[in-house]
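Novice: Mind looking over this structure? Questions follow.
Protein chains: 2
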Amino acid sequence: MCGKNEAECCEQVEIHEELLKIVNETMPEETELYDLAELFKVFGDSTRIRILFVLFEAEVCVCDLAHVLNMTQSAISHQLRILKQNKLVKSRRVGKSIFYSLADDHVRLIIAQGREHIEED
Amino acid sequence: MCGKNEAECCEQVEIHEELLKIVNETMPEETELYDLAELFKVFGDSTRIRILFVLFEAEVCVCDLAHVLNMTQSAISHQLRILKQNKLVKSRRVGKSIFYSLADDHVRLIIAQGREHIEED
DNA sequence: TTTTCGTATGAGCATATGTTCATATGTTTG
DNA sequence: CAAACATATGAACATATGCTCATACGAAAA
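Keeping their order, the protein sequence lines are chains W and Y.
Reminder that position 30 of the first sequence reads as 30 in this note's numbering, one-by-one numbering, no gaps.
Reminder that position 18 of the second sequence reads as 18 in this note's numbering, one-by-one numbering, no gaps.
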């Protein structure tokens, strides 16, 4: 580990204090950091990503999602719950079925940015 | 579970076929879906998010990151490895220290979109 | 060259996560 | 009301993940 005491690290003392100050000013609250990580965690699963890509095209019921993605109704349902809790999708009941759709356009934008990133070189 | 056979689901047959066709056309390759999820997984941890917020402000060495975020050098180093592998940060050596900085601006954009989303209502 | 400093990394452990299975809930139909 | 259908949910299990500890690596200084 570096430095013998708090202020001494990498032989930089002033820069250190400066950095601490700036970071303390710009770093979001603990709650927001946690919520942010929580949000991205939702995007961090290929099953949920696939569900979102289907919802980019149409409003569909759980049953169709399961069929199109070739997965169990239960698995899909569990993931939809997570997507809904994080307000990425919304649902409405039509008879026995429940149709899911995108909650807002941030979802498209975030995924678009992600695609741009991984398509570099 | 729904439907007795493949084409029969929620009493919708044609819509089903239509959906399958559209999804097959627009759904990215398995590899890309996996990479996308992998990328967002990187953003899905508050420690890494905090590291990125520091790098938003300045180019810093591992030691300073550990100090500013009040975490072990090892823990920070492990996370930096993940961030680097996914090309979110880059590094350069200066003497004994290694300075890390943002790899590109997609990082800022993605996090900005995320913040917008969680700040709704 | 040996020591010191800054960083990287592998093993181990505790926790988190995704899927399956069984079952519950809610709606429509007979 | 009972049966059938669509979806939701809890428990269990296997895998993934983040941190710690010990240690290795790499560069600079003695």
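Heads up, the beta-carbon is just placed ideally off N, CA and C, and yes, glycines get one too.
Which whole-angstrom value is the C-beta distance of Y:F43 and W:F56, which I expect to be below 8 Å?
Specialist: For the purposes of this step, residue 43 of chain Y is taken as the residue at position 43 of the second sequence. For the purposes of this step, residue 56 of chain W is taken as the residue at position 56 of the first sequence. Their Cβ separation, rounded to whole angstroms, is 20 Å, which puts Y:F43 and W:F56 out of contact at 8 Å.
Novice: Let's see if you can read the secondary structure: which residues bound the beta strand (DSSP E) around W:L102?
Specialist: If you number the first sequence from 1, residue 102 of chain W lands on position 102. Unbroken beta strand (DSSP E) run through W:L102: 97-102.
Novice: Which residues bound the alpha helix (DSSP H) around Y:K87?
Specialist: Position 87 of the second sequence, counted from the first residue, corresponds to residue 87 of chain Y. Looking at the DSSP string, Y:K87 is not in any alpha helix (DSSP H), and its letter there is neither H nor E.
Novice: With burial defined as no fewer than 16 other Cβ atoms inside 10 Å of the residue's Cβ, what is the status of W:D64: buried or exposed?
Specialist: By 1-based counting over the first sequence, the position of residue 64 of chain W is 64. In summary, W:D64 is buried, with 16 or more beta-carbon neighbours lying within 10 Å of its beta-carbon over all protein chains present.
Novice: For W:G114, decide whether its Cβ has a neighbour in chain Y, counting only Cβ atoms nearer than 8 Å.
Specialist: Taking the first residue of the first sequence as 1, we reach residue 114 of chain W at position 114. For W:G114, the answer is yes, since a Cβ of chain Y falls inside 8 Å of its Cβ.
Novice: If we cut at 8 Å on Cβ distances, does W:K21 have a partner in chain Y?
Specialist: One-based indexing of the first sequence puts residue 21 of chain W at position 21. So no, W:K21 is outside the interface.
Novice: Please classify W:G95 as buried or exposed, where buried requires at least 16 neighbouring CB atoms within 10 angstroms.
Specialist: Stepping through the first sequence from its first residue, residue 95 of chain W is reached at position 95. Exposed: under 16 other Cβ atoms inside 10 Å.
Novice: Less than 8 Å between the C-beta atoms of W:S101 and W:E32, yes or no?
Specialist: For this step, residue 101 of chain W is matched to residue 101 along the first sequence. For this step, residue 32 of chain W is matched to residue 32 along the first sequence. Against a cut-off of 8 Å, the Cβ pair of W:E32 and W:S101 comes out as no contact.
Novice: For a contact defined as C-beta to C-beta under 8 Å, what are the partners of W:A75 on chain Y?
Specialist: Taking the first sequence and counting its residues from 1, one reaches residue 75 of chain W at position 75. At a beta-carbon threshold of 8 Å, none of the residues of chain Y lie near W:A75; the nearest stands roughly 11 Å away.
Novice: Measuring CA to CA, which of W:I22, W:E18, W:E38, W:H16 is closest to W:Q85?
Specialist: As a working note, residue 85 of chain W is residue 85 in the first sequence. Answer by Cα proximity: W:E38.
Novice: Could you compute how far the alpha carbon of W:I82 sits from the alpha carbon of Y:S77?
Specialist: On the first sequence, position 82 is the one that residue 82 of chain W refers to. On the second sequence, position 77 is the one that residue 77 of chain Y refers to. Looking at the two C-alpha atoms, the distance is approximately 31 Å.
Novice: Any chance you could list the alpha helix (DSSP H) runs of at least 4 consecutive residues sitting entirely within the region 48-76 of chain Y, in chain order?
Specialist: DSSP assignment within the region 48-76 of chain Y yields the following whole alpha helix (DSSP H) runs of 4 residues or more, N-terminal first: 62-68.
Novice: If you count every other CB in all the chains shown that lies within 10 Å of the CB of Y:D105, and 16 or more means buried, which is it?
Specialist: Position 105 of the second sequence, counting from 1, holds the residue named residue 105 of chain Y. Around the beta-carbon of Y:D105, fewer than 16 other beta-carbon atoms lie within 10 Å, marking it exposed.
Novice: If we define contact as Cβ-Cβ less than 8 Å, is W:M90 a contact residue for chain Y?
Specialist: The sequence position of residue 90 of chain W within the first sequence is 90, counting from 1. Per the sequence shown, the amino acid found at residue 90 of chain W is Lys instead of Met. No, its Cβ sits nowhere closer than 8 Å to a Cβ of chain Y.
Novice: How about Y:E29: is its C-beta nearer than 8 Å to some C-beta of chain W?
Specialist: On the second sequence, residue 29 of chain Y is found 29 positions in, with the first residue counted as 1. Between Y:E29 and chain W, the shortest Cβ-Cβ separation is not below 8 Å.
Novice: Just checking: is the beta-carbon of W:K84 within a distance shorter than 8 Å of some beta-carbon in chain Y?
Specialist: Counting from one through the first sequence, the residue named residue 84 of chain W turns up at place 84. It does not; no Cβ of chain Y falls within 8 Å.
Novice: Going by DSSP, name the residue or residues bridged to Y:V94.
Specialist: Working through the second sequence from its first residue, we reach residue 94 of chain Y at position 94. Bridge partners of Y:V94: Y:S97.
Novice: In this structure, does DSSP put W:E29 in helix, strand or coil?
Specialist: Along the first sequence, read from residue 1 onward, the residue named residue 29 of chain W stands at position 29. Note: W:E29 maps to coil in three-state DSSP.
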